[in-house]
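Per UniProt numbering, the very first residue in the sequence shown carries number 1; after that it's consecutive. Even for Gly, the Cβ is constructed at its ideal location relative to N, Cα and C. Just so you know, these numbers come straight off a predicted model, no measurement behind them. Here the structure is laid out as structure tokens; the discussion comes afterwards.
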Amino acid sequence: MGKLVYGAGQEYDLDDRVLSHVKLAVVAKLRRHESFLLNWDVPVEQGSGRISLWISREVPLAFQFSGSRPPAINSQWLEALMHTSQRTGGMVVMSEDQLEAHLPD
């Protein structure tokens, strides 16, 4: 289980594979100086609920991975993350098996 570290050290647990894809999508947006909302559902085993973070170049952000090897990247999953980031509600972190529902038509 990896961690997304946001702002002054607030930590959010995400699976390493999910976090790897989120990292690539977030970095692509920030390189273009684009700020956006990052949203995900909190699993029941972590207390349930939803989290939304405003991501911008002005807020410190770190990605910590528990595994030593980066996973293979699914380009469709990355495309789905980038596609949702263009919506008013912001980028939606989804599982790999949910990506087809978030791909452009």
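Beta-carbon proximity list for residue i, same chain, < 7 Å, skipping 5 on both sides
i: Pro104; result: His83
i: Ser48; result: Val42
Residue i versus the options, residue with shortest Cα-Cα distance
i: Gly89; options: Ser48, Gly9 and Leu53; result: Leu53
i: Leu99; options: Gly7, Met1 and Val18; result: Val18
i: Ile73; options: Arg50, Gly49, Ser85 and Ala25; result: Ala25
i: Val22; options: Trp77, Gln86 and His102; result: Trp77
i: Asp15; options: Ala101, Ser66 and Lys29; result: Ser66
i: Ser45; options: Asp97, Arg87 and Asp13; result: According to the sequence shown, residue 45 is Glu rather than Ser. Nearest option by C-alpha distance: Asp13.
i: Ser75; options: Phe63, Glu96, His33 and Met1; result: Glu96
For residue i, three-class secondary structure by DSSP
i: Leu99; result: helix
Close beta carbons around residue i, own chain, < 8 Å, minus the five adjacent residues each side
i: Ala8; result: Pro60
Rounded straight-line distance, which links the Cα of residue j to that of residue i
i: Leu37; j: Ser85; result: 8 Å
i: Ser20; j: Pro70; result: 7 Å
i: Arg31; j: Arg57; result: 9 Å
i: Gly2; j: Arg50; result: 18 Å
- [ ] Would you mind listing the alpha helix (DSSP H) stretches within the UniProt domain "DUF7882" (1-96) that are 4+ residues and don't spill past its ends, in chain order?
- [x] 16-31 and 75-85
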